[in-house]
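Residue numbers (the numbering used here), protein chains in the order written: chain A, 145 to 551; chain B, 360 to 933.
Dropping the structure here:
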């Protein structure tokens with residue numbers, strides 16, 4: 145029986161978010177103090193050893209990323225928190241920022257010390273304007289207490305573009321340009337904001353840092369799945385009894401997420417599919433539910449862990465209709481920079497509408513598959529590469545539903 | 360050096376090279392659309408994707424740096440399917456009117472469609488149906504054809520610092536549009552036409568006026584005369600399948616007679632004249648404390664730029680009209696009188712490397728002959744089309760010579776076609792006028808070449824004149840900011856709007872890379888070196904013009920016909 149384990153949500157409900165003394169009483173900013181007593185190489189080695197992997201979706205080893213920025217020579221470096229939580233159905237970052245903003249600030253400050261940055265940014269989702277004052281108040285409190293010496297954080301609000309969750313598009317947006325991704329390499333740790341070495345980590349990633357420093361890398365590395373240790377916050381939506389959030393070790397299976405924590409399907413209906421990671425996540429059928437949610441095990445079944453958003457649909461739902469709506473979402477959110485995404489998302493949406501309205505054929509399905517595959521390895525950024533996943537996986541697992549649409 | 364393998368072939372390239380560069384070293388051409396050799400890497404069209412061993416994702420060859428031991432495959436089934444699908448996607452909303460397109464036969468997308476055997480497109484054909492923008496007299500935009508490579512945006516912003524083009528909308532609704540979505544004429548566009556060269560397809564082109572020309576030729580009442588700009592000859596060869604500079608002047612003149620011109624004259628004649636007027640104007644300003652530095656005024660794109668962005672510096676502009684407009688004013692006065700032709704019947708056509716010249720000819724300032732001084736401007740490309748339409752084989756065509764009066768020229772006029780040429784030509788004359796000595800070495804090499812900003816100090820018998828030359832308007836802007844700040848050390852500044860000068864003008868054969876501009880520059884100086892007369896004041900016909908008609912540089916008649924004043928554009932976006 146899987147159990148909840150709270151690391152990033154450890155202070156949830158226990159402290160008043162904007163009483164810094166509450167946070168300090170819980171041991172807050174002790175990790176920053178401890179980190180500052182270490183030399184930066186040891187500090188980065190510790191983070192690397194914990195095997196904490198980015199919680200934003202790409203799953204890159206966090207300490208490794210930091211080491212690249214630390215090793216880069218530059219007169220200025222930056223730490224950016226990606227709080228552009230744009231995946232529909234995801235609100236884990238909001239939970240952390242709303243309930244424990246200091247844990248984010250502390251995590252960022254530790255990173256800044258490790259890589260030698262003096263300026264940080266929190267790039268906040270445009271739909272979270274109510275968090276601007278929360279974050280700014282917390283930043284001021286930490287500043288007034290002299291806790292974040294030599295490091296300043298500015299909150300930047302996004303303007304609603306989904307693509308700005310992609311780290312280089314986010315950087316372009318901070319620079320005041322169109323929110324469009326850059327080609328990589330160079331990667332942000334060597335050339336990021338204003339062409340300076342930059343670490344971009346997700347809110348949840350930063351929130352893990354103070355605990356890793358406090359309890360040690362070995363402790364953290366032993367939690368959950370060894371290849372992707374620690375915990376993950378899940379947010380449940382759709383046809384599930386408990387539409388809620390929880391934080392579990394990464395060894396937890398999808399079945400446990402949906403049926404144990406989620407309480408199963410309401411109304412005595414049968415499970416149809418679950419989409420994990422956000423809108424670009426794969427649709428997973430019943431047969432694959434015993435997969436652990438860790439990064440690599442999810443990759444192995446052609447799925448992603450992504451943001452941890454978990455969207456459940458029951459047998460009464462029209463999976464083709466759902467995938468059609470998602471295709472429309474990506475047509476709307478493609479930035480338009482690269483040809484396969486700009487044209488491909490539009491054509492995918494067009495073909496899905498055609499099928500959904502009963503005008504399709506097997507030829508359209510074959511074209512969708514070819515187009516989806518090409519997009520998945522040709523597009524400039526993660527948005528275009530991941531956009532076809534819902535279509536491709538629903539075709540793969542629910543082809544009969546597609547064929548049932550043909551007239 | 361970095362060692363890698365491309366399609367089984369080992370290659371060593373300098374660190375920092377891209378896959379695209381490494382592949383070309385071993386003779387493997389990777390297709391591109393957004394790539395431009397003189398621009399930043401964009402990696403947005405994705406047709407150059409390749410497989411890199413160990414990577415699930417395909418990598419854009421234009422952007423991906425090589426690394427030691429890298430194994431690249433450029434034509435696996437996965438790669439070919441990706442490229443073909445991307446081309447199909449782009450073509451699915453690209454108008455399929457290649458036969459009517461101004462870039463038919465000279466289109467990067469058309470070439471790729473051929474190379475990748477695109478026959479039936481599986482995607483539904485869906486053209487957006489935007490209205491074409493014909494608002495300027497120089498160039499048009501066809502939004503439907505735009506493939507969003509952004510090369511025009513970069514040339515307009517980075518090379519020209521004009522920023523008339525930008526992006527609007529997102530995703531499938533993304534568009535390259537003139538400033539604030541206005542018509543091109545209401546944007547800061549200075550009509551240099553560099554975007555035409557940057558465009559891989561037919562989304563931007565010159566306003567083609569071949570029909571107007573054919574109508575004039577067909578009209579028995581019209582005497583159709585032409586002037587040829589200095590930069591045209593070296594480039595016209597490229598339009599008819601010859602090497603740059605390879606077409607002899609005599610053959611070119613014969614070609615022009617064949618397509619219907621009654622008289623073939625040369626802008627070079629008024630280029631020499633410009634030197635006498637402008638050289639004397641400079642000396643007058645130096646002597647009498649006039650506004651300095653003086654700027655050249657031959658380049659109409661530059662004039663538009665100055666009127667738009669530096670209206671406060673218009674007094675620095677030489678009052679000389681461009682050679683095209685001096686020619687236009689003289690042909691319907693001096694030449695008409697000399698030839699006994701009623702100027703009302705003269706149809707004056709200029710052949711220019713430039714699209715801004717079309718705008719210049721239509722300026723209200725340019726009617727001093729009592730008529731519109733220049734009736735029609737055809738670009739080098741349009742003349743190329745007329746040559747092809749006429750079925751001329753230039754390898755066999757017998758030579759012909761220019762008509763007399765306004766057909767003679769010196770090497771000083773020829774070099775007007777390259778950046779630095781006007782300056783060098785002026786120095787050749789000014790030196791002899793000021794010092795009274797013969798200039799032994801006429802070559803002022805410091806003024807030559809495609810470098811963005813060049814400068815030189817010229818000793819005129821003890822008086823040092825400081826000069827600067829800029830080509831490309833982002834470079835001009837640097838010099839203008841100095842002048843505006845009162846910190847310019849120069850007396851005389853030559854500006855050409857287009858990179859490399861007129862040889863790289865917006866009306867020249869489609870010029871993707873700057874190396875082609877350099878070739879044309881070399882051809883220009885080779886022509887100058889081979890001419891018997893190389894100083895403008897030695898032009899015998901110009902001497903006769905002064906004796907018979909103008910009497911003296913900057914005299915009364917000159918002011919009436921050859922000089923003008925420009926006015927601030929007062930565009931609201933500034």
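Glycine included, C-beta positions come from ideal geometry on N, C-alpha and C.
Report the residue from the options whose alpha carbon sits nearest the alpha carbon of residue i.
i: residue 698 of chain B; options: B:624, B:643 and B:683; result: B:624
i: residue 456 of chain A; options: A:475, A:400 and A:523; result: A:400
i: residue 193 of chain A; options: A:199, A:200 and A:185; result: A:185
i: residue 340 of chain B; options: B:717, B:892 and B:743; result: One cannot answer for residue 340 of chain B here, as it falls past the ends of chain B, which runs 360 to 933.
i: residue 537 of chain B; options: B:602, B:883, B:531 and B:495; result: B:495
i: residue 794 of chain B; options: B:814, B:813, B:818 and B:882; result: B:818
i: residue 844 of chain B; options: B:652, B:742, B:702 and B:719; result: B:652
i: residue 371 of chain B; options: B:429, B:449, B:392 and B:390; result: B:429
i: residue 413 of chain B; options: B:397, B:906, B:432 and B:360; result: B:432
i: residue 649 of chain B; options: B:640, B:657, B:656 and B:655; result: B:640
i: residue 808 of chain B; options: B:884, B:707, B:448 and B:851; result: B:884
i: residue 747 of chain B; options: B:646, B:539, B:468 and B:464; result: B:464
Got a sec, what are the start and stop residues for the beta strand (DSSP E) residue i sits in?
i: residue 733 of chain B; result: Run containing residue 733 of chain B: none; DSSP gives neither H nor E here.
i: residue 264 of chain A; result: 263-268
i: residue 300 of chain A; result: 296-301
i: residue 415 of chain A; result: 415-420
i: residue 725 of chain B; result: From DSSP, residue 725 of chain B is part of no beta strand (DSSP E); its letter is neither H nor E.
i: residue 355 of chain A; result: Taken as a continuous stretch (DSSP letters only), residue 355 of chain A belongs to no beta strand (DSSP E), being part of the alpha helix (DSSP H) at 347-359.
i: residue 365 of chain B; result: 361-365
Starting from residue i and walking both ways along the alpha helix (DSSP H), at which residues does that stretch end?
i: residue 646 of chain B; result: 626-647
i: residue 285 of chain A; result: 274-288
i: residue 893 of chain B; result: It is not in any alpha helix (DSSP H) - residue 893 of chain B carries neither H nor E in the DSSP assignment.
i: residue 585 of chain B; result: Unbroken run through residue 585 of chain B is the beta strand (DSSP E), 582-587; no alpha helix (DSSP H).
i: residue 487 of chain B; result: Premise fails: residue 487 of chain B is in no alpha helix (DSSP H) and is neither H nor E.
i: residue 253 of chain A; result: 245-259
If you reduce the DSSP assignment to three classes, tell me which class residue i lands in.
i: residue 432 of chain B; result: strand
i: residue 138 of chain A; result: Only positions 145 to 551 of chain A appear in this structure, which leaves residue 138 of chain A out of reach.
i: residue 232 of chain A; result: coil
i: residue 717 of chain B; result: helix
i: residue 818 of chain B; result: strand
With a 10 Å radius around its C-beta and 16 neighbouring C-beta atoms as the bar for buried, classify residue i as buried or exposed.
i: residue 597 of chain B; result: buried
i: residue 504 of chain B; result: buried
i: residue 664 of chain B; result: buried
i: residue 434 of chain A; result: exposed
i: residue 855 of chain B; result: buried
i: residue 459 of chain A; result: exposed
i: residue 503 of chain A; result: exposed
i: residue 637 of chain B; result: buried
i: residue 775 of chain B; result: buried
i: residue 717 of chain B; result: buried
i: residue 922 of chain B; result: buried
Please report how far the alpha carbon of residue i lies from the alpha carbon of residue j, in whole angstroms.
i: residue 490 of chain B; j: residue 383 of chain A; result: 48 angstroms
i: residue 256 of chain A; j: residue 445 of chain A; result: 36 angstroms
i: residue 732 of chain B; j: residue 725 of chain B; result: 6 angstroms
i: residue 400 of chain B; j: residue 421 of chain B; result: 7 angstroms
i: residue 553 of chain A; j: residue 314 of chain A; result: In this structure chain A extends from 145 to 551, so residue 553 of chain A is not present and cannot be described.
i: residue 773 of chain B; j: residue 661 of chain B; result: 20 angstroms
i: residue 430 of chain A; j: residue 417 of chain A; result: 7 angstroms
i: residue 230 of chain A; j: residue 528 of chain B; result: 20 angstroms
i: residue 463 of chain A; j: residue 428 of chain A; result: 12 angstroms
i: residue 509 of chain A; j: residue 528 of chain A; result: 19 angstroms
i: residue 456 of chain B; j: residue 316 of chain A; result: 37 angstroms
i: residue 364 of chain A; j: residue 211 of chain A; result: 19 angstroms
i: residue 404 of chain A; j: residue 359 of chain A; result: 29 angstroms
i: residue 538 of chain A; j: residue 346 of chain A; result: 29 angstroms
i: residue 523 of chain B; j: residue 838 of chain B; result: 21 angstroms
Please determine whether the Cβ atom of residue i lies at a distance below 8 angstroms from any heavy atom of the ligand SAM.
i: residue 757 of chain B; result: This structure lacks the ligand SAM; in fact it carries no ligand of any kind.
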